[in-house]
Each structure stands twice: as structure tokens, then as C-alpha cells.
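Below: one structure, written as C-alpha cells.
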Amino acid sequence: VEPISLFSRLYKRPFNEAFEETPMLVAVLTYVGYGVLTLFGYLRDFMRQWKIEKCQNATEREEQKDFVPLYQDFENFYTRNLYMRIRDSWNRPICSVPGAKVDMMERVSHDYNWTFTYTGRVIKDIINMGSYNYLGFAQKAGTCQEAAAKVLSQYGAGVCSTRQEMGNLDKHEELEKLVARFLGVESAMAYGMGFATNSMNIPALVGKGCLILSDELNHASLVLGARLSGATIRIFKHNNMQSLEKLLKDAIVHGQPRTRRPWKKILILVEGIYSMEGSIVRLPEVIALKKKYKSYLYLDEAHSIGALGPSGRGVVDYFGLNPEDVDIMMGTFTKSFGAAGGYIGGKKELIDYLRTYSHSAVYATSMSPPVVEQIITSVKCIMGEDGTTVGKARVQQLAENTRYFRRRLKEMGFIIYGNEDSPVVPLMLYMPAKIGAFGREMLKRNIGVVVVGFPATPIIESRARFCLSAAHTKEMLDRVSVSSGLSFAHAFYKQIQQLFFCRLVQCLVHKLLNLMFKVL
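Note that full-length UniProt numbering numbers the sequence shown so that position 49 is 49, with each residue one more than the last.
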């Protein structure tokens, strides 16, 4: 997908993204697969109701049956009949640093994933393709770890107070000045939680009488923050500048509903890298529209900061733009920096206002000193202020790994979503039976990968999501790509089994035979 010709002059580099439409046959088979699962879900619910099958899900007690229901049984239909089949694909416990390789605790289920039992065995050296460790700073040895350990011995683990009371350390001040320099803005403020950075600060920026224009694929934290603000929310199609411009035009021409008064503020919410699609925001075009229609821009760089740009300064650096053109620059420390928390950067007046009116600033406990030191050390490493070129080398290595791995998967015939420079690589699975089968087969080959399905994605766009890291070697990526091919083939076989009822009918017959033997 090339930039629109009208805006092509805004781009200083090629901008290539791919979102292949779901093939019709695949879409039909996917709907059939979900239909089969739903049909047998109703059958199993019927069997549970008549005590033919043991009921494991939460139900109201008999003495509460005549009360107003607190728990709607049907609301849990998807969870107990579809999600529970592949529940083992998520929440897998690791017991090591989430670096290029991880150690995972083995667990088994004897009741079809309703409960798990740990075997006591640890699966060693699993290639980690699921963590957001973009620059490889999640490590148990090295400069960052040593600095954090030193600060831990000096300051302790917690602060036990808010920034406005007794929790404002010199380390917090140092971090915020460093982040402001790194972003190229006047001032910055750090928060202890990335999710709350969005959800608690957007309500402080806009309110009733304001308009929020939000990308349809924005993260849940942005969605929650927008809803909490009380502002009017309108959604534009993902990365679609015609859709955004139409909303901007309508907002200015028509104003607020009923009164037709002008909106107090118009705030555009976008992300740098969209974590489920692997796409990069068309920032030059968004900025051009923002200037044209005199609106404000809120940019969430949770996944792009550190992972994009020649110097790792995010999507603004990637496009060679001026940071002053972005009114509110938000990001997290949880990914590229191997730590926790988030930040907001911008003009000094904005940050001073948030220090007073942001709920995260006023009520939340200050960031842990060792976590702050981890961020300071990693940011200095990226900027080259540690006297080495390690940080720059990591940024370059991540870019090389991204292009190499995407090229390998495309050569093997996989359908890959997103931008060619995005370290988030969605591999399309589509069919429901492939979700669990692909994740299990990859784990058998000592590869940990995140699989995602409905409702986190559209029902016909289930996928596996690979997150690349500068810590991955070429040999690791080659092994993952080959294993993906083998696992995909096995997952396809599982889907065929489901479509022809083989596995489901086998389970049903097995249960009916057991029932007959009990009766006899």
C-alpha cells in the first residue's frame, strides 16, 4: 500500500505496507469452523444441563435460582466452549529473564484446560518470539543490571509515596530531563504504569465539549482514556487519511450536535506502531491534516519508541519529522527499555498542567528506583552517552532482523501483515483450529509465540504474532521460520479434522459410550 499521491511529497523514505484481503475460500472455511464449534458448544451445554457431562464453569447455587440473576450463563458461552479448548496457549509461566531465550515451567491439564498442574519440569532455552524486548535490554547481566542493583542497595525497592508528597526522588528528576532530551521536547513526565499513562491523562486533556478522533485499531488504554474523558468520540478507519479528513471537515462545518457551537478542542489519537497489525502510522499525513484543520495530536509510541528510527527515537525520527509538530508524545518504558512505566513529553506548559491535574501524577505511587535506573541506563546507551556504540548497534540490528525475518516468511508463502520496517510481524492463521495447534506445535519445537484470535482480532483474521528483538541471531530466526512452516502444516491438518467433524464426533461418541456403560 503506497502513500496517496497527494501526500507522497511528505515522505522522505519508502513506505510499504501489506494487508492482503482474506481469500474467499479461507473466509468461508473459517466461518464454517466457528459454526461447528458453536454447534457443538450448544450440544455440550445441553449435556451439562442434563448432567451427562460434568459442568466446570461458574454457576449460581440452587438456593439463588429465584433471585435476580447476577451471572448470565450465556455470556460465558465463548469462554467455556471455544476459548477453553485452546486456553493452554496463553498465560504460560516463564521462570527466567524474558530475553532472546526463556525457560518455561511445564504444566499439564487433565480436565481439558479448566485447571493446570505443574509437573516440576522446566523447559529450557525456548526461543522467545513473544516478548516486546525490542532492543534486548531485558537481561540479567550487563551495565543496566549492575546500575539497577547499585541503586537498589542505595534507595531500596519502593518509594511508598506519591510524587507530590515524599516520593519525588532525584532519580525521577534525572529521568524526566533525560527523556525530554531523548525525545527532543521541552519537558517530560514519567509514570509508573504505561496503561495508566493513557487512560488517566487523556481525561485531564479533554472533556465535555471536546471531540476525539480515534483510529479504529487504537489500544484499549487509549479507548478507555477517551471514554473516561466524557468527550465525544468518533472513529476513523485504520490509517485512512480520507476518513480522518472527512471527520475533521464535518467537525468544523457542523460543530457540536444540537447547539452547532464550535468544538472546544479536537484531539487526534494515533499509535506509532499498531501492536496487532504491525502497521506504522502515516504520521506525515496526520501532521499535515492536524495543521490544516487546527487540531491537536496525541501520539502513542508504546511500540515504536526505541524500535524505529535511525537513532531509536521512534516514529518521528523514522520519518525525519520535527517533534514540535506532535502536541502530546506518549510512550512506555516496558518494551524497548526492558523496564516498566510510561511517559508524556511536550511543551513545558503541558507537562506543568499534567503534574497538577493528572490522576496518575497526583494519586499514583512513584516509580521504583531500580526501574528508573534501568531506564536511565538504557536510554543513555541508545543515545551513546555511555561512551559506547552498543545502543546504536542494537537499533541497527533490530532493523536488520525485522527486514530479514519478514523476507524469509514471505519467501515461504506466508501471508504477513504490516509495514516492512515494523518489528511486530503478524502471520495470518485465519481458521480457529489453527490457533491452538500452531502455538502447541511451535512450543514442541522450543519456540514461544503469541497466537491471537477473536475477539482480539476480527473473527476471520486470527494470527500468530512474532515480536523481533535485537538479541535474536540469524540462526534463531532461520529456525523459527522453518518451524513456522512445519507448525502451520500441522495446524492445517487439525483444521481439516475439525471441518470433517472427525475429532468432535470422536469425543461425542466416546462420551455417549461411557454413559451407556454406566447405565448398563
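For each residue, glycine too, the CB sits at the ideal point set by N, CA and C.
Given 6 Å as the limit, tell me if residue i has its C-beta closer than that to any heavy atom belonging to the ligand MN.
| i | result |
| --- | --- |
| Leu82 | No copy of the ligand MN appears in this structure; indeed no ligand is present at all. |
Tell me the DSSP secondary structure of residue i in three-state form.
| i | result |
| --- | --- |
| Met189 | strand |
| Thr377 | helix |
| Asp125 | strand |
| Glu146 | helix |
| Ser462 | strand |
| Glu106 | strand |
| Leu10 | helix |
| Lys101 | strand |
| Thr30 | helix |
| Phe236 | strand |
| Leu429 | strand |
| Thr197 | helix |
| Cys502 | Residue confidence for Cys502 is low, a pLDDT of 47 falling below 50, so the modelled location carries little weight; the figure read from the coordinates is stated next. Three-state DSSP puts Cys502 in a helix. |
| Val206 | coil |
| Tyr132 | coil |
| Asn113 | coil |
| Ile86 | helix |
| Phe137 | coil |
| Ala489 | helix |
| Gly230 | coil |
| Ile435 | helix |
| Leu520 | Low local confidence applies: a pLDDT of 45 at Leu520 is under 50, so the model's placement there is unreliable, with the coordinate-based value given in what follows. Coil. |
| Thr59 | coil |
| Gly345 | strand |
| Ile4 | Residue confidence for Ile4 is low, a pLDDT of 48 falling below 50, so the modelled location carries little weight; the figure read from the coordinates is stated next. If DSSP states are grouped into helix, strand and coil, Ile4 belongs with coil. |
| residue 521 | Because the chain spans 1 through 520 in this model, residue 521 falls outside it and cannot be assessed. |
| Lys481 | What sits at residue 481 in the sequence shown is Ser, not Lys. Helix at Ser481. |
| Gln64 | helix |
Name, in chain order, the residues that DSSP records as bridge partners for residue i.
| i | result |
| --- | --- |
| Cys467 | Val424 |
| Ala18 | Gly418 |
| Lys177 | Partner(s): none; Lys177 has no beta bridge. |
| Ile447 | Ile127 |
| residue 523 | Absent from the structure is residue 523, since the part of the chain shown begins at 1 and ends at 520. |
| Thr162 | Thr365 |
| Ile94 | Met104 |
| Tyr118 | Arg107 |
| Val452 | Arg463 |
Is the Cβ-Cβ distance between residue i and residue j less than 7 Å?
| i | j | result |
| --- | --- | --- |
| Ala251 | Ile266 | yes |
| Ser366 | Gly167 | yes |
| Asn128 | Gly448 | yes |
| Asn198 | Leu222 | yes |
| Pro426 | Thr402 | no |
| Ser336 | Tyr134 | yes |
| Val452 | Ser89 | no |
| Met105 | Ile126 | no |
| Phe414 | Ala491 | no |
| Ser229 | Gly194 | no |
| Ser431 | Gly33 | Sequence check: residue 431 is Met here, not Ser. Yes, the Cβ-Cβ distance between Met431 and Gly33 is below 7 Å. |
| Arg80 | Asn57 | yes |
Looking at the unbroken beta strand (DSSP E) that takes in residue i, where does it start and where does it end?
| i | result |
| --- | --- |
| Ser214 | 211 to 215 |
| Met329 | 328 to 332 |
Looking at the secondary structure, which residues open and close the alpha helix (DSSP H) in which residue i lies?
| i | result |
| --- | --- |
| Thr79 | 77 to 81 |
| Asp352 | 348 to 357 |
| Glu271 | That residue, Glu271, is in no alpha helix (DSSP H); its beta strand (DSSP E) goes 266 to 271. |
| Arg407 | 390 to 411 |
| Ser243 | 241 to 254 |
| Phe319 | 315 to 319 |
Problem set entry | Those runs of the beta strand (DSSP E) which lie wholly inside the segment 278 to 311 and span at least 3 residues | 296 to 300
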